[in-house]
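In this text, residue positions in the sequence shown follow this note's numbering: the first is 650, and each later residue adds one. Heads up, the beta-carbon is just placed ideally off N, CA and C, and yes, glycines get one too. It should be emphasised that the depicted structure is a prediction, and the values quoted were computed from it without experimental measurement. Just below is one structure, and these are the notes that go with it.
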Amino acid sequence: MFDWLQHFADWLIYSVFGIGADTHLGTALNFFVFDTLKILILLFFIVFIMGVVNAYFPIERLKDYLNRKKLYGLEYFFASIFGAITPFCSCSSVPLFIGFVQGGIPLGVTFAFLITSPLVNEVAVAMFLGMFGVKATLIYALSGILLGSVGGWLLGKMNLEPLLSDWVKEILENKRQQAEYQEEKRSFRDRLPEITRGAWDIVKGVLLYVIIGIAIGAAMHGYVPENFFNQYLGGGQWWTVPLAVLVAVPMYANAAGIVPIIQVFVAKGVPLGTAIAFMMATVGLSIPEATLLKKVMSLKLIAIFFGVVTLCIILSGYLFNLIL
Numbered sequence: 650m651f652d653w654l655q656h657f658a659d660w661l662i663y664s665v666f667g668i669g670a671d672t673h674l675g676t677a678l679n680f681f682v683f684d685t686l687k688i689l690i691l692l693f694f695i696v697f698i699m700g701v702v703n704a705y706f707p708i709e710r711l712k713d714y715l716n717r718k719k720l721y722g723l724e725y726f727f728a729s730i731f732g733a734i735t736p737f738c739s740c741s742s743v744p745l746f747i748g749f750v751q752g753g754i755p756l757g758v759t760f761a762f763l764i765t766s767p768l769v770n771e772v773a774v775a776m777f778l779g780m781f782g783v784k785a786t787l788i789y790a791l792s793g794i795l796l797g798s799v800g801g802w803l804l805g806k807m808n809l810e811p812l813l814s815d816w817v818k819e820i821l822e823n824k825r826q827q828a829e830y831q832e833e834k835r836s837f838r839d840r841l842p843e844i845t846r847g848a849w850d851i852v853k854g855v856l857l858y859v860i861i862g863i864a865i866g867a868a869m870h871g872y873v874p875e876n877f878f879n880q881y882l883g884g885g886q887w888w889t890v891p892l893a894v895l896v897a898v899p900m901y902a903n904a905a906g907i908v909p910i911i912q913v914f915v916a917k918g919v920p921l922g923t924a925i926a927f928m929m930a931t932v933g934l935s936i937p938e939a940t941l942l943k944k945v946m947s948l949k950l951i952a953i954f955f956g957v958v959t960l961c962i963i964l965s966g967y968l969f970n971l972i973l
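Rendered as structure tokens:
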């Protein structure tokens, strides 16, 4: 879907600026241009779509339905399934998180999506199947969905809504005040300017965070050597799993981009469970993601979110090493 953006980034960095594709600077700048444009496009498109949904469907009713109906945890599972079929990295998932929160979806359900979306996608599943076989692929995919469901459920039970940022609270308050006007019959053409302005206002509100976050990720993507990890994660000692997860958190990549690196890890002696835990932490937790989330969450909420997901990934890594 975004091949044209990759071609543009390649042309701009490698041809126009003349920076070599085999250099750290070229790799970092290419990553920055591609991901910045991709995320801004996704951000506007997704928030626009959520604006259309919010204009035609009473979000308060959906919220009341989710709170009133006893789905016995299935709402977290459904959100994780939805996250698994959306091919987004952690930073690309943030626009959807904003849209979900803006739409009044319960925070725990929203977290279930946010956790699963970068962990599992169809491209990574296909690559995993070819590289590691059916058993490892099933464990990877099912564990990612389960991790999102459990993590979302745990976070949902903590009543974390007061820890959302003032910016999000202001959006939610404005939506409540305007709810009575959304019931009036208006054509899509009449609503379109208002929806477009709302989407653009949100894009402007997070633009600086997007640029800073992707710049950090691009620097890490271009300059952190892969061989560093093989040296310290191949022993199979008890501490290698938490070390793999903690080392991976500052990294930034999508699942499809990290799978080939995981194959190299395994080939050089890193246990597959440790490698999968590293991959999950790389795509599911990152400093760029935390930077973007700072716009919608307080630092305390970000720390709680990262802590719960990190613990779940570490436990999953140990389980993978026992099973695989």
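Can you give me the start and stop residues for the alpha helix (DSSP H) that residue i sits inside?
i    : result
G722 : No alpha helix (DSSP H) holds G722; DSSP gives it neither H nor E.
F666 : Counting along the chain, F666 falls outside any alpha helix (DSSP H), and DSSP gives it neither H nor E.
I764 : L756 to L768
Q886 : No alpha helix (DSSP H) contains Q886, which DSSP labels as neither H nor E.
L654 : D652 to D659
Which class does residue i belong to by DSSP, given the choice of helix, strand or coil?
i    : result
L791 : helix
L809 : coil
M780 : helix
P920 : coil
P842 : helix
P899 : coil
I907 : helix
S798 : helix
I851 : helix
L973 : coil
S836 : coil
I860 : helix
I734 : coil
T676 : helix
S814 : coil
Measure the beta-carbon distance from residue i to residue j and round it to whole angstroms, keeping in mind my assumption that it falls under 8 Å.
i    : j    : result
L686 : L654 : 5 Å
V796 : L756 : In the sequence as displayed, the identity of residue 796 is Leu instead of Val. About 17 Å; that fails the 8 Å criterion.
W887 : G854 : Actually they do not touch by this definition, with Cβ atoms about 44 Å apart.
P891 : I936 : Actually they are not in contact, since the Cβ atoms of P891 and I936 sit about 18 Å apart, beyond 8 Å.
L882 : T923 : 6 Å
V945 : L689 : Between L689 and V945 the Cβ distance is about 16 Å, and since that is not below 8 Å, they are no contact.
F693 : A848 : 6 Å
I951 : L942 : 5 Å
G966 : A916 : Their Cβ separation, rounded to whole angstroms, is 18 Å, which puts G966 and A916 out of contact at 8 Å.
For residue i, collect the residues of the same chain with a Cβ closer than 8 Å to its Cβ; drop the 5 residues on either side in sequence, then sort them by chain order.
i    : result
K949 : L812
V958 : I764, L796, G800, G933 and L934
I778 : In the sequence as presented, Ile is not what sits at residue 778; that position holds Leu. Counting only Cβ-Cβ distances below 8 Å, and skipping sequence neighbours, we find T786.
Y872 : H673 and A677
Kindly list the residues whose CB is nearer than 6 Å to the CB of residue i, restricted to its own chain and excluding five residues on each side of it in sequence; keep chain order.
i    : result
A828 : At A828, the pLDDT of 49 sits below 50, so the modelled position is not reliable; the number obtained from the coordinates is stated separately. Excluding residues within five positions, none has a Cβ falling inside 6 Å.
S729 : A761, T765, I794, G797 and S798
A733 : T765, V769 and I794
D684 : I863
W660 : none
F726 : S798
Tell me which same chain residues have a C-beta within less than 7 Å of the C-beta of residue i, skipping the five on either side of it?
i    : result
I865 : I936, P937 and T940
**Report entry** Those runs of the alpha helix (DSSP H) which lie wholly inside the segment 925-966 and span at least 4 residues
**Finding:** 936-942
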